[in-house]
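Read through the structure below, which is laid out as structure tokens, and then see the notes.
Protein chains in written order, with the working numbering: chain U, 1142 to 1304; chain S, 10 to 439.
Next comes the structure, spelled out in structure tokens:
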């Protein structure tokens, strides 16, 4: 059974003009979305608009402005190595002071809850038992690992590029 | 008996199947190695649609004083509208190589993307060309990366485009057996290295080596838990982890320079057109990565649709940028004296003008497949190229550039027979 969860997904529909052609552009806003039961349900690659909009919503809890979306999108189009540019985009977003990240103290106060909430937030699914154990172990053994580093790792992982 | 014969025949067929692919068009069994004429090629598409009339035939004066011999004065009526940058070449570029004055874009629509695709794939295209997907036939980058060593690093091959739209697609094709695994790194510098982009990409998260290792460790674990769906594999050029790190470090350093206003007028000309910016950043790519193969383009000349005088002016500015590129090649360790520069417009423009008149009473020019729009030039300069040679008769075509580059880099014999339409421009070589 799929559980309801507040996250992001496709909504508004925009028509933008680029050069001589009109192209459809979608903005992904904060809305209710069903959780995945496992990562295997993710079979589709996010488009560049989806990747940027979703990452923005995940980090700031609001929808990206059209100007920023365009700027990020142009940067992605302008580099052949998409993974490298996606990495740069995540690094630029996650380093902003307005990024909503749990403090290190809060994370270490209740690691299992942090792991579950972080998986729900970024992967839109609950971690499986192995992931729960491994991530908890990893955080406990590496005292210098911060929530920012974990979020960055998740947002640049393979799973984050799919839905 | 029949069974024995069958087994013998089957064995012979199998052996033939293994051997045949290695018999090359030249008739040799294996490709010659170490037969490079030079270790680097920079291919500059002097694009946007330039007529031979205003370029090498100097109908409005010598607008390419850094490239072509001669001091013909600019036509008096348009001279006030021409941006005249200083001549920086002590000897024009043509003296460092061979100039094909009557090169041809012989077939296919005279569209900018068609022309670019032809130049980069060595195949003429038609009206059915797709603007939102990679080309049908392999690009020179894929031939290079698949058929020559070192084939492993995508940082050895670059496509530096001065426009988005369909142009980013030209770094690899959809051709079976080639594709993104052999593609080039593509960059459209002006969309990344500008203040707006710097405002969203600047101030990135920086990680110490230890932090990076721990992030890599966590990501490796996460990736191990996810199976990438084969039906939706991300298509695109992929750099190795080390190369991606190198690329990102360089991009960040360039963005940092843009943020700090260090790249506003780097050549001190008081003007930086789109073409000049693209060449400037292409030079930065060259200095950083010393690619064995780089293709770069200019397109400002296309203003000719609306303003003839600005078109002529743009030729002059493109010429200036081109010589800057040549200077940079000659001053980049590892590339100096070991590079061939190839310069070709993607197509020309119509003989007949359109109805748009500029401030100097000159009519603008389109490009609609007439004979003049197929007349272009080709300049090859650098190591192993005949110096000061001018070929004035009609000779050479756009589709010859790819096999010629392949020959310079020593892998033309390894390209599967029958794909390419052109020939090696051997008459340009010493």
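A virtual CB, placed ideally from N, CA and C, is assigned to each residue, including glycine.
Residue i and residue j closer than 8 Å at C-beta
i	j	result
residue 386 (chain S)	residue 116 (chain S)	no
residue 308 (chain S)	residue 415 (chain S)	no
residue 119 (chain S)	residue 378 (chain S)	yes
residue 436 (chain S)	residue 400 (chain S)	yes
residue 102 (chain S)	residue 390 (chain S)	yes
residue 142 (chain S)	residue 170 (chain S)	no
residue 166 (chain S)	residue 203 (chain S)	no
residue 429 (chain S)	residue 131 (chain S)	yes
residue 111 (chain S)	residue 384 (chain S)	yes
residue 1209 (chain U)	residue 209 (chain S)	yes
residue 1292 (chain U)	residue 1261 (chain U)	no
Three-state secondary structure assigned by DSSP to residue i
i	result
residue 307 (chain S)	strand
residue 130 (chain S)	helix
residue 1186 (chain U)	strand
residue 1216 (chain U)	helix
residue 41 (chain S)	Because the pLDDT at residue 41 (chain S) is just 46, under 50, the model does not fix this residue reliably, and the point stays unresolved.
residue 201 (chain S)	helix
residue 313 (chain S)	helix
residue 169 (chain S)	strand
residue 184 (chain S)	coil
residue 81 (chain S)	coil
residue 399 (chain S)	strand
residue 1227 (chain U)	helix
residue 408 (chain S)	helix
residue 59 (chain S)	coil
residue 50 (chain S)	strand
residue 438 (chain S)	strand
residue 429 (chain S)	coil
residue 1240 (chain U)	coil
residue 302 (chain S)	strand
residue 1303 (chain U)	strand
residue 1286 (chain U)	coil
residue 386 (chain S)	strand
residue 254 (chain S)	helix
residue 1175 (chain U)	strand
residue 1266 (chain U)	strand
residue 92 (chain S)	coil
residue 233 (chain S)	helix
residue 294 (chain S)	helix
residue 195 (chain S)	strand
Straight-line gap, residue i to residue j (C-alpha atoms, nearest Å)
i	j	result
residue 145 (chain S)	residue 1273 (chain U)	47 Å
residue 217 (chain S)	residue 224 (chain S)	10 Å
residue 251 (chain S)	residue 320 (chain S)	43 Å
residue 488 (chain S)	residue 263 (chain S)	The structure shown does not extend to residue 488 (chain S), since chain S is modelled only from 10 to 439, so the question has no answer here.
residue 1302 (chain U)	residue 273 (chain S)	36 Å
residue 1255 (chain U)	residue 236 (chain S)	24 Å
residue 1285 (chain U)	residue 1238 (chain U)	20 Å
residue 1186 (chain U)	residue 1304 (chain U)	6 Å
residue 222 (chain S)	residue 1298 (chain U)	14 Å
residue 318 (chain S)	residue 71 (chain S)	14 Å
residue 423 (chain S)	residue 45 (chain S)	13 Å
residue 1176 (chain U)	residue 1270 (chain U)	17 Å
residue 109 (chain S)	residue 434 (chain S)	10 Å
residue 7 (chain S)	residue 327 (chain S)	Only positions 10 to 439 of chain S appear in this structure, which leaves residue 7 (chain S) out of reach.
residue 347 (chain S)	residue 163 (chain S)	20 Å
residue 373 (chain S)	residue 382 (chain S)	14 Å
residue 50 (chain S)	residue 62 (chain S)	27 Å
residue 168 (chain S)	residue 254 (chain S)	19 Å
residue 1120 (chain U)	residue 1250 (chain U)	Absent from the structure is residue 1120 (chain U), since the part of chain U shown begins at 1142 and ends at 1304.
residue 1213 (chain U)	residue 129 (chain S)	28 Å
residue 411 (chain S)	residue 1194 (chain U)	40 Å
residue 233 (chain S)	residue 1300 (chain U)	10 Å
Contact set between residue i and chain C, taken where Cβ atoms lie within less than 8 Å
i	result
residue 193 (chain S)	Absent here is chain C; the protein component of the structure consists of chains U and S.
Short-range partners of chain S found in the stretch 1198-1224 of chain U, where Cβ spacing is below 8 Å: Hits within the stretch, in order: 1209, 1212, 1213, 1215, 1216, 1218, 1219, 1220, 1221, 1222, 1223, 1224.
To be precise: take each residue of the stretch 253-264 of chain S, compare its Cβ to all Cβ atoms of chain U, and keep it if any distance is under 8 Å. Which residues remain? If the cut-off is 8 Å between Cβ atoms, the stretch 253-264 of chain S has 253, 256, 257, 260, 261 near chain U.
Where in the stretch 327-372 of chain S do unbroken runs of the beta strand (DSSP E), each at least 3 residues long, occur, reported from the N-terminal end onward? Along the length of the stretch 327-372 of chain S, whole beta strand (DSSP E) runs at least 3 residues long occupy 348-353, reported in chain order.
Quick one, which residues of the stretch 1231-1243 of chain U are near chain S if we go by CB-CB under 7 Å, in chain order? For the stretch 1231-1243 of chain U, which is checked against every Cβ of chain S, the residues closer than 7 Å are 1232, 1233, 1235, 1236.
Output needed in chain order: residues of the stretch 1283-1304 of chain U with a Cβ under 9 Å from some Cβ in chain S. Those residues of the stretch 1283-1304 of chain U that come within reach of chain S (Cβ to Cβ, closer than 9 Å) are 1283, 1285, 1286, 1287, 1289, 1290, 1291, 1293, 1294, 1295, 1297, 1298, 1299, 1300, 1301, 1302, 1303.
Where are the alpha helix (DSSP H) runs, 4 residues long or more, that stay fully inside the stretch 96-142 of chain S, in chain order? Within the stretch 96-142 of chain S, the runs of alpha helix (DSSP H) that reach at least 4 residues and sit entirely inside it are, in chain order, 121-130.
Chain-ordered residues of the stretch 1266-1277 of chain U with a beta carbon less than 7 Å from chain S: Under the 7 Å Cβ criterion, the stretch 1266-1277 of chain U contributes 1272, 1275.
Residues of the stretch 1178-1194 of chain U in Cβ contact with chain S at a cutoff of 8 Å, in chain order, please. Here the close residues are 1180, 1181, 1183, 1184, 1185, 1186.
Quick one, which residues of the stretch 169-183 of chain S are near chain U if we go by CB-CB under 9 Å, in chain order? Answer in chain order: 170, 173, 174, 177, 180, 181.
Could you list the residues in the stretch 377-389 of chain S with a C-beta less than 8 Å from some C-beta on chain U, going in chain order? From the stretch 377-389 of chain S, no residue has a Cβ closer than 8 Å to chain U.
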